[in-house]
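In order, the protein sequence lines correspond to chains Y and W.
Numbered per the working numbering, the first sequence spans residues 1265 to 1600.
Numbered per the working numbering, the second sequence spans residues 800 to 1148.
Heads up, the beta-carbon is just placed ideally off N, CA and C, and yes, glycines get one too.
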Amino acid sequence: MQTNRDNIAVFSHVSIDYPLKKYTLRAVTDITFELKRGAITALVGESGSGKTTLASSLIRCISEPGRVAEGEITFYGKDGEERLDLLPDPKMRAFRWSKVSMVFQAAQSALNPVLTVREQFTETLEAHGEKLSKEEREAKFSDLLGYVKLDAERVLASYPHELSGGMKQRVMIAFALLLDPELIILDEPTTALDVITQNYIFTLLKQINREKGISMLLMTHDISVVAKFADYVGVMYGGRLMEYGDVRTVFHRRRHPYTAGLIGATPSIIGDISEMKPIEGSPPDLLHLPKGCIFAPRCPRCSDVCLTEEPPMREYGDGSKGKCYFFGEADDGKGN
Amino acid sequence: MEKATEQAKTPLMRLKGINMVFKKPGALFADKNIHVLKDIDLEIGEKEIVALVGESGCGKTTLGKIITGLYRPTSGEVYFEGERVSGTFDKKISSYNQVQFIQQDSYAALNPVRTIYQSLYAPIKTHNRKWSRARIDERIEELMGLIGLLPSAQFLSKYPHQLSGGQRQRILMARAISLEPKLIVADEPVSMIDVSLRLSLLNLMKELNEKLDMSFVYISHDLSTTRYIAHSGRVAVMYLGEIVEVGKIGDVIASPRHPYTRALLQAVPIPDPDFKGNDELPLKSMQLGSLENRGEGCSFFDRCLYADDACRKKFGPVKTETAEVLCCGLDRVPTAPVFEKIIQTEENS
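Rendered as structure tokens:
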């Protein structure tokens, strides 16, 4: 068993519900996994797989009316451990951004359009009771913006619309670093950006991760980005964690049929494209989930047992685990 | 003489010297000219798949709209099957249905208060006034089979919001092929589609290309899907409204020549955790140049590692062994491949 010195945060049997008028939608079902301290963990999944909901639960930013229905979320910070699902709201407000900050998908809507970058930075500092002199503050701002390779003087005086998409995303990253957090959540940070800017942003984030030792949780639908950037990966499907492990094991061993399907459906610019296959069928409807394994209707390895009972999480021994009756069965050990 | 060569080849589509300038309102009388496309020459052959790739803002969608006839270029000529279509547009626009467009956002592209049946029926009826209801129904049934949405009754009575993104994208494809066009311009058709469904849509487009002999212009910023769909076709790499490199996609990936293409390829993430690429891109600056009041010289000048004073003058494209490259200092650009090993898929069309 790992000690909590290794982990920055642990999800334990977490389920998240959206109570609606006529029924309750369970967006995240019984997820247990840990975020390793100092590492970059990716959550990969298609739209509606629950990755954003799960990550938002760390800072209680799940969109209304969602709430954590079951399970425990524990944060192991420098100042001791904290049960995030039990934290009272005022304490959560102080916790949010100072310990865990977030870089949102659309930087243009995450930044306030009527405040300059300087005003937004100052406002956040003040809200968290940081008492710095004007000089100290300015020095901190230029330090942070310099770190993300922006011209601080110009950017601080700018409104968001005066900056390009790539610049705004870099301002967001500097913003996320403002209160020296221990964990940064990255929600599809480069979706709206082109590949060159994407490469640049990820290089920057990796540098921040390595130099400052800040742990990161990255949500993405792009398998290629996971391969390039992350250390650990959790694969989500229909609100469940289907597989978790370190990136090399998950990619090379292909122990779970869904992960294998995703990798097999992602064309590469240099790899073999003659044997690519889409995953047949379509993603599950969370209100009408099939009995048994929710991936069974699309699964090439589906057998009778898969149709009757949901498979348990199976541990493989090397730290990887998967929700499949045949998890790792096809693994011949030659994957590497 | 030029006429003669035109007659000899007659590509399906030919763009000659296309320029597109948008006016951006500035302060009083100080309107700025935004030069979105600059001297574009491109040919699209029959049954060919041509991909347009580039960063956001490089003008690839604008070019797609000019090809489809949705925009009229500021200057330049568009020929379809040897016949000039730009300029004579106003009279001919209604019969210019041989080129169809598939939009990126399938939700916005379908009328939300019309059923799928109505959305498919309208264009067929408009262009085939004499067709009976039964004949159109038959055609719709056939289309639904082609795009793999069967039984069709299950989908036709629905409204766009009742379908998934992948299904809507298929409906757009059915609508585009309903008039049996010779060329389809698909603008980022899979960028909003889940990974597991992307491939089936790309396969569908490949199938239409092979079975119905339709040409495709595939617009994308994603070189990996581009390679997948157009692996036997050509790719045109665009930068700030210019085509900087055009060639067979295999050749361009294996031996990119333009400094921008080289940077673009190096930035593409590879779905293999053991792949070791150089994160440092061969670029001088991250900042995209400006489209306003452009000079004559190279538009990549500010970001190019190999630029010198000669690049400030006007120059035209250079033919290399495998591609056509718009770069005046090619001899200074390294020729080493960006990727050490590429698994080529042999398929000659």
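Secondary structure of residue i, DSSP reduced to three states
i	result
L1447 of chain Y	strand
S918 of chain W	helix
M1436 of chain Y	helix
K929 of chain W	coil
A1306 of chain Y	strand
I1326 of chain Y	coil
F1275 of chain Y	strand
T1134 of chain W	coil
T861 of chain W	helix
V1036 of chain W	strand
G1586 of chain Y	strand
E1626 of chain Y	Any answer about residue 1626 of chain Y is impossible in this case: the structure gives chain Y only from 1265 up to 1600.
K1300 of chain Y	strand
H1516 of chain Y	helix
L1553 of chain Y	coil
K1598 of chain Y	The predicted position of K1598 of chain Y is uncertain, since its pLDDT is 47 and thus under 50; no value can be drawn from it.
T1288 of chain Y	strand
K1476 of chain Y	helix
Y1464 of chain Y	helix
N832 of chain W	strand
A1370 of chain Y	coil
N1008 of chain W	helix
F1114 of chain W	coil
L811 of chain W	coil
N818 of chain W	strand
P1058 of chain W	helix
A850 of chain W	strand
Beta-carbon proximity check, residue i vs residue j, cutoff 7 Å
i	j	result
Y1423 of chain Y	T1380 of chain Y	yes
R1578 of chain Y	P1521 of chain Y	no
R938 of chain W	I923 of chain W	yes
S1479 of chain Y	I1272 of chain Y	yes
L1348 of chain Y	M1483 of chain Y	no
P1445 of chain Y	V1367 of chain Y	no
S1311 of chain Y	D1078 of chain W	no
L1526 of chain Y	I1558 of chain Y	no
R1111 of chain W	G1096 of chain W	yes
V1459 of chain Y	R1434 of chain Y	no
I833 of chain W	I1042 of chain W	no
A975 of chain W	Q903 of chain W	no
E1426 of chain Y	Q1369 of chain Y	no
R813 of chain W	E842 of chain W	yes
Residue burial classification, residue i (beta-carbon count within 10 angstroms, cutoff 16)
i	result
E1399 of chain Y	exposed
I1142 of chain W	exposed
G1314 of chain Y	buried
Y1282 of chain Y	buried
Y1496 of chain Y	buried
V1124 of chain W	buried
K1432 of chain Y	buried
V960 of chain W	One point to set straight first is that residue 960 of chain W is His, not Val, in the sequence displayed. H960 of chain W should be labelled exposed.
R1474 of chain Y	exposed
K1355 of chain Y	exposed
N1463 of chain Y	buried
P1055 of chain W	buried
Chain-ordered chain Y contacts of residue i [CB-CB under 8 Å]
i	result
T1024 of chain W	P1531
H1020 of chain W	D1458 and V1459
A1062 of chain W	I1460
Within chain W, partners of residue i - CB distance below 8 Å
i	result
F1559 of chain Y	Simply none; closest approach about 11 Å.
K1541 of chain Y	L998
I1272 of chain Y	Here the premise fails: no neighbours, minimum Cβ distance about 22 Å.
G1525 of chain Y	S995
Proximal chain Y residues relative to residue i, where beta-carbon distance stays under 7 Å
i	result
F1138 of chain W	I1534
E854 of chain W	D1458 and I1460
V1067 of chain W	V1459 and I1533
Under 9 Å by beta carbon: chain W residues contacting residue i
i	result
F1515 of chain Y	P1070, D1071, P1072 and D1073
H1485 of chain Y	D993 and V994
Neighbouring residues, chain W, relative to residue i (Cβ below 7 Å)
i	result
Y1464 of chain Y	M1085
H1552 of chain Y	Near H1552 of chain Y there are no residues of chain W at all, since even the closest Cβ is about 14 Å away, more than 7 Å.
Per-residue contacts from residue i into chain Y (C-beta, under 9 Å)
i	result
N910 of chain W	Residues of chain Y passing the Cβ test: none, with the nearest at roughly 23 Å.
L1080 of chain W	I1460, N1463, Y1464 and T1467
**Request:** Give the residues from the stretch 986–997 of chain W that approach chain Y closer than 8 Å (Cβ to any Cβ), ordered along the chain.
**Result:** Across the stretch 986–997 of chain W, CB contacts with chain Y closer than 8 Å involve D993, V994, S995, L996 and R997, in sequence order along the chain.
**Request:** Anything in the stretch 958–981 of chain W with a Cβ closer than 7 Å to a Cβ of chain Y? List those residues in chain order, please.
**Result:** Of all residues in the stretch 958–981 of chain W, S963 and G965 have a Cβ within less than 7 Å of some Cβ in chain Y.
**Contact residues within the stretch 1386–1397 of chain Y, judged by C-beta distance below 9 Å to chain W** = Within the stretch 1386–1397 of chain Y, no residue qualifies.
**Asked** Taking a cut of 7 Å between CB atoms, which residues from the stretch 1488–1516 of chain Y lie near chain W?
**Response** Taken in chain order, the members of the stretch 1488–1516 of chain Y whose beta-carbon sits within less than 7 Å of a beta-carbon on chain W are S1488, V1489, A1491, K1492, V1511, R1512 and F1515.
**Prompt:** Can you list, in chain order, the residues of the stretch 1027–1051 of chain W whose Cβ is nearer than 8 Å to any Cβ on chain Y?
**Reply:** Residues Y1027 and H1030.
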